[in-house]
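Asker: Protein chains in written order, with our numbering: chain Y, 343 to 702; chain P, 343 to 702. I'd like to ask you about the structure that follows.
Number of protein chains: 2
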Amino acid sequence: MIAADTPIAEIGERELLRRIRARIPQGAGVVVGAGDDAAAFETGPLTLLTTDCLVEGVHFRRAWSPPRLLGRKALTVNLSDIAAMAGVPRHATVSLCLPGDLPVSFVDELYDGLLERAAEAGVALVGGNLSAISGPIVVDVALVGQADRPLRRSGARAGEILVVTGTLGAAAAGLGLLSQGARLSAEGQLEATGIWTAASAAAVLHCLRAQLDPAPPLAFARALAEHDLASAGLDVSDGLSGDLLELCRESDVSARLDAAALPVDPYAASLERAQGRDAFRLALHGAEDYQQLLAIASDRLEALRDIAGVWDLPVTVIGQLAPGPPALWLERGEELTPLVPDSYEHFRSDRGHGTSAPRA
Amino acid sequence: MIAADTPIAEIGERELLRRIRARIPQGAGVVVGAGDDAAAFETGPLTLLTTDCLVEGVHFRRAWSPPRLLGRKALTVNLSDIAAMAGVPRHATVSLCLPGDLPVSFVDELYDGLLERAAEAGVALVGGNLSAISGPIVVDVALVGQADRPLRRSGARAGEILVVTGTLGAAAAGLGLLSQGARLSAEGQLEATGIWTAASAAAVLHCLRAQLDPAPPLAFARALAEHDLASAGLDVSDGLSGDLLELCRESDVSARLDAAALPVDPYAASLERAQGRDAFRLALHGAEDYQQLLAIASDRLEALRDIAGVWDLPVTVIGQLAPGPPALWLERGEELTPLVPDSYEHFRSDRGHGTSAPRA
């Protein structure tokens, strides 16, 4: 029995690998699981592959993210990408870079979250890689999925309407709450409200969960593909403004956003209002909401709403596409102004890169 | 035109992504390449997936590895894993964690190597991920391949013989040469011999290349599968002793290694001899030779040699398997002694983790 606070340097790579492998169930269609040179599994004719990583000090802080939630999120951000392609997630590898003084309990709890989220999503973990690092923790997931008709970022046409699922701004508000001392427990319960009173507990919990344990509309995206309703789509991970501009660039269209229509998250709005601010900017530019942004022909809206209704998922028409060149316009009543994206970008020194989680 | 020494922090993530994407050719069978939420490509019924990463300060040093060779190696270590499963490599994603002060030329040259190696191996790069990091560079590749009959680590049987391709110890010797000041140029030519004279140039070049730009027998491994000759196999990445013990554990057999038979790399041997040492330990325990270690029935050796002959690839019988429990024995003439693996393990504080490349 190894004590939970044992540094992984005392255990070593092979023992840690065995510890991890012993926990990973054999998934459906998996011919070779974790523990060989590569995993082998049965696939359909069209395979999807995505990779996304969480870097300590950039995407998360150890003091802010319980390892279990970090494990869940590391898979979720990839699940969201596969969903955005209208795909079914199938098999994942986990590549970890870990400092040697990390307690083994951190890795155990990280895998609690990874395995739990994998089971929820029907994904088989099929291996990965462990490496030492003299620096921040890196959790890099590669996720393979399947799609009959992948939904691309290109394909949107002028005249189509823009639809977004769920609400926007909660994840960015959650990031602000973390910096104000609010915390979730490993179980995803409210552990500290920070500067907030118990009266705001529900809002604080909601926004912290949006940031630390996001729940993208995975099943909805899949159903969407089966009914071939959308022309183009992507997940809102960097922020609506920047992600929408990507869609415009890939489809060579421009977009007009209706400011009044934006589904600003009501909890985020209440917390921002209490601080004399407006959550509109969070909804417009804030990162990591992991909702789906879709371009559809307006005569398909009814069918789209029917499908979303199965999961009680709000879908909101937030604007319309016009011919290119790629550009964004914000419509407030009669006023139409150019919209400059302010989404998160890595590396930019003016955005505080490398020192904090993505800016809201 | 962006100057080569421009820090990537001045360029930003989206621009750097565009710069990379503009260089990536569309591969065969690729339906959606880089630039969408996930890649989509046509696959056969059985898909392989592996991931392996190179971490600065652990697997490489910036002063020792020209970025082009680093890019080549980042793909090669994954190609070796797919080859060890007797698979054909097909599609790869590249996940980079980069500090903001890194010059853009580093990323350009890294991709020179990645793209060149991908073209050599018939692999399509289909996307990836960029993240900032406040710390070491991380290059993480996920590689998808195909196999009709994957060659596993399990499946070896008592009585079978052990065969290894190529020579062993050159990569570990190359690591020692780097610490003695020897260097390769970005083109893989000898730039500095370090403490060595010109008379040793050929040996120094050979060992540096083995360390910085390894060339696993990829096509051989593939042909092997077509002829169904091996019972089990893996690539020698952590060191023969440790990797062989893995094979024994997975197949529940023990192994007897014939010390005299080990194909010690002759260049590594000459350099070690000049320093009054024996390269045998490098061949036995040294990491990163990326040769293939195979268990085969002895009556298949001739057929195996025929196939290896196509690529002028030496194959050497280095020992035999016996019933379990998993253990290693070293045979020197009449003497039979237990062999304790001394292969590289991450995290182990007694192995100098996090401060240097894998120990030889």
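No residue lacks a Cβ here, since even glycine has one placed at the ideal position from N, Cα and C. Keep in mind it's a predicted model, so treat the numbers as computed, not measured.
(1) Between Y:THR389, Y:ASP450 and Y:GLU568, which lies nearest to PRO409 of chain Y when the distance is taken from Cα to Cα?
(2) Closest Cβ-Cβ distance between ILE362 of chain P and chain Y: below 8 angstroms?
(3) Taking Cβ-Cβ distances below 7 angstroms as the criterion, which residues of the stretch 621 to 636 of chain P are in contact with chain Y?
(4) Along chain Y, which residues have their Cβ under 8 angstroms away from the Cβ of GLU355 of chain P?
(5) Take GLY696 of chain P and list the residues in its own chain whose beta-carbon comes closer than 8 angstroms to its own, dropping the five residues that flank it on each side.
(6) Considering just the uninterrupted stretch of the beta strand (DSSP E) at GLY575 of chain Y, what are its terminal residues?
(7) Can you tell me whether HIS569 of chain P is helix, strand or coil according to DSSP?
(8) Would you say MET427 of chain P reaches chain Y, if we count a Cβ-Cβ gap shorter than 8 angstroms as a contact?
(9) Under 8 angstroms between C-beta atoms, does CYS590 of chain Y make it to chain P?
(10) Scan the stretch 433 to 502 of chain P and note each continuous beta strand (DSSP E) run of 3 residues or more that stays entirely inside, going in chain order.
(11) Name the chain P residues that come within less than 8 angstroms of SER473 of chain Y, Cβ to Cβ?
(12) Apply the 10 Å Cβ neighbour rule to PRO367 of chain Y and answer buried if 16 or more other Cβ atoms are within range, or exposed otherwise.
(13) Which stretch, first to last residue, makes up the alpha helix (DSSP H) that contains ASP379 of chain P?
(14) DSSP puts VAL397 of chain Y in a beta bridge; with which residues?
(15) What residues in the stretch 503 to 526 of chain P have a beta carbon less than 7 angstroms from any beta carbon of chain Y?
(16) Under three-state DSSP, which class holds GLN522 of chain P?
(17) Short of 6 angstroms in beta carbon distance, which residues of its chain neighbour ASP511 of chain Y, apart from the five on each side in sequence? Order them along the chain.
(18) Kindly indicate the opening and closing residues of the beta strand (DSSP E) around PRO665 of chain P.
(19) To the nearest angstrom, report how far apart ASP454 of chain P and GLY413 of chain P are at their CA atoms.
(20) Which of the three DSSP states is assigned to LEU411 of chain Y in this structure?
(21) Given that ILE350 of chain P touches chain Y, what residues does it touch there, using C-beta distances under 7 angstroms?
(22) Based on Cα-Cα distance, which residue from P:ASP585, P:VAL486 and P:ALA572 lies nearest to SER640 of chain P?
(23) So, helix, strand or coil for ALA637 of chain P, using DSSP?
(24) Kindly indicate if chain Y contains any beta-carbon less than 8 angstroms away from that of ILE638 of chain P.
(25) Check the C-beta distance from SER422 of chain Y over to SER579 of chain Y and give it rounded, since I have them as a contact under 8 angstroms.
(26) With 16 other CB atoms within 10 Å as the buried threshold, where does ARG674 of chain P fall?
(27) Note down, in chain order, every chain P residue with its Cβ under 8 angstroms from the Cβ of GLY470 of chain Y.
(28) Using C-beta distances below 6 angstroms, list every residue in its chain close to ALA351 of chain P, excluding the 5 sequence neighbours before and after it, in chain order.
(29) Measure the C-alpha to C-alpha separation of ARG642 of chain P and VAL682 of chain P and round it to an integer number of angstroms.
(30) Helix, strand or coil: how does DSSP classify PRO387 of chain P here?
(31) Looking only at C-alpha atoms, which of Y:GLU592, Y:GLY581 and Y:GLU644 sits nearest to GLU630 of chain Y?
(32) For my contact list, VAL483 of chain Y and ALA416 of chain Y are in at a C-beta cut-off of 8 angstroms; report their separation, rounded to the angstrom.
(33) Between the stretch 557 to 574 of chain P and chain Y, which residues of the former have CB atoms less than 8 angstroms from a CB of the latter, in chain order?
(34) Please classify ASP607 of chain Y: does DSSP put it in a helix, a strand, or coil?
(35) Using DSSP with H/G/I as helix, E/B as strand and the rest coil, what is ALA541 of chain P?
(36) Per DSSP, what kind of secondary structure is ARG551 of chain Y in: helix, strand or coil?
Answerer: Put simply:
(1) Of the candidates Y:THR389, Y:ASP450 and Y:GLU568, the one whose C-alpha sits nearest the C-alpha of PRO409 of chain Y is Y:ASP450.
(2) Not an interface residue.
(3) none
(4) GLU687, HIS688, PHE689 and ARG690
(5) Low local confidence applies: a pLDDT of 32 at GLY696 of chain P is under 50, so the model's placement there is unreliable, and no value is given.
(6) GLY575 of chain Y -> beta strand (DSSP E) spans 572 to 578.
(7) DSSP, read as helix, strand or coil, puts HIS569 of chain P in helix.
(8) Yes, contact with chain Y.
(9) Not an interface residue.
(10) 466 to 474 and 480 to 488
(11) CYS395, VAL397, VAL400, HIS401 and HIS688
(12) exposed
(13) Looking at the DSSP string, ASP379 of chain P is not in any alpha helix (DSSP H), and its letter there is neither H nor E.
(14) Y:VAL480
(15) none
(16) coil
(17) The sequence shown places Gly at residue 511 of chain Y, not Asp. Cβ within range, chain order: VAL606, ASP607, ALA610, ALA621, LEU624, ALA625 and GLY628.
(18) 657 to 665
(19) 7 angstroms
(20) helix
(21) PHE689
(22) P:ALA572
(23) strand
(24) Interface residue (Cβ-Cβ distance to chain Y less than 8 angstroms): ILE638 of chain P is not classified as such.
(25) 7 angstroms
(26) If you draw a 10 Å sphere on the C-beta of ARG674 of chain P, you find fewer than 16 other C-beta atoms in it, and that means exposed.
(27) In chain order, THR393 make up the part of chain P whose C-beta sits under 8 angstroms from the C-beta of GLY470 of chain Y.
(28) GLY442
(29) When rounded, the distance between both Cα atoms is 29 angstroms.
(30) coil
(31) Y:GLY581
(32) 5 angstroms
(33) none
(34) coil
(35) helix
(36) For ARG551 of chain Y, the three-state secondary structure derived from DSSP is helix.
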